[in-house]
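Going by the UniProt record's numbering, the letters in the sequence shown line up with residues 1 to 166, in that order.
Notes to accompany the following structure.
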Amino acid sequence: MTFLEPYIQQYGLYAIFAIIYLESFGAPLPGESVLIASSLLAIRGDLAVGDLFFAVWAAAVLGDSTGYAIGRFGGRPLLRRYGWLIKLTPERLEKLEELFRRRGPIIVFGARFVVVLRQLNGLVAGSVGMAWHSFVFANILGAALWAAVWSVGPYFFRGLFHTLWG
């Protein structure tokens, strides 16, 4: 993670926001690595932990919401037309849509903590027609917990980490 430190130090929260935002709507970027490196910089005093949390939370919510909008307005036709390329048959698409109708908020909330799912979360939720209000609620809560775990968590438990590895 040391290769990320100069970029974070030079561009600060703007770089962190941009990386988390882009990763949250599907770009293959090292969002979690950036967040962990940023947390370590906050422990060192180079970043304010409260500002870090807010930037990460806002970027995650906005990135997932952008992915949702892209999926909602363009994803469904693409899935129907090209789903066979990823072995998504009409029957599987129907099952996926039903799964999101029944468990969508839980999936959106929990996907924030799984690498590939975090990146595709909003796109898939929008593509399968998950209700916007359910998506936003789960997205806001999931992003808040994820941002807290990876930004505020290391900051407050630094003594424990120092004892274990120091």
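The beta carbon of each residue, even a glycine, is placed where N, CA and C say it ideally should be.
The structure displayed is predicted, hence computed values, not measured ones.
- DSSP places R118 in the uninterrupted alpha helix (DSSP H) bounded by 115 to 127.
- For the pair F53 and S151, the CB atoms are nearer than the 8 Å cut-off.
- For A55, the CB contacts under 7 Å within the same chain, skipping 5 residues up- and downstream, are L13, I16, F17 in chain order.
- In the displayed model, L29 falls within coil according to three-state DSSP, outside both helix and strand.
- In the three-state reduction of the DSSP assignment, G159 falls in the helix class.
- In the three-state reduction of the DSSP assignment, R112 falls in the coil class, being assigned neither a helical nor a strand state.
- Of the candidates Y82, I106, E97, the residue whose Cα lies closest to the Cα of F137 is I106.
- Here the stretch 130 to 144 lies against the stretch 58 to 78, with 3 or more beta-carbon pairs under 8 Å apart.
- Going by C-alpha positions, R103 is about 10 Å away from L96.
- If you compare the alpha carbons of Q9, Y11, P77 with that of V124, the shortest gap goes to P77.
- Between the alpha carbons of I70 and S127 lies a distance of about 8 Å.
- The Cβ neighbour count for R72, taken over all protein chains shown within 10 Å, is at least 16; the residue is labelled buried.
- Less than 8 Å divides the Cβ of A42 from the Cβ of V49.
- A direct Cα-Cα distance of roughly 10 Å separates P154 from A37.
- Of the residues assessed, G75 falls on the buried side of the cut-off, its CB having 16 or more other CB atoms within 10 angstroms.
- Per DSSP, the continuous alpha helix (DSSP H) segment holding V49 begins and ends at 49 to 70.
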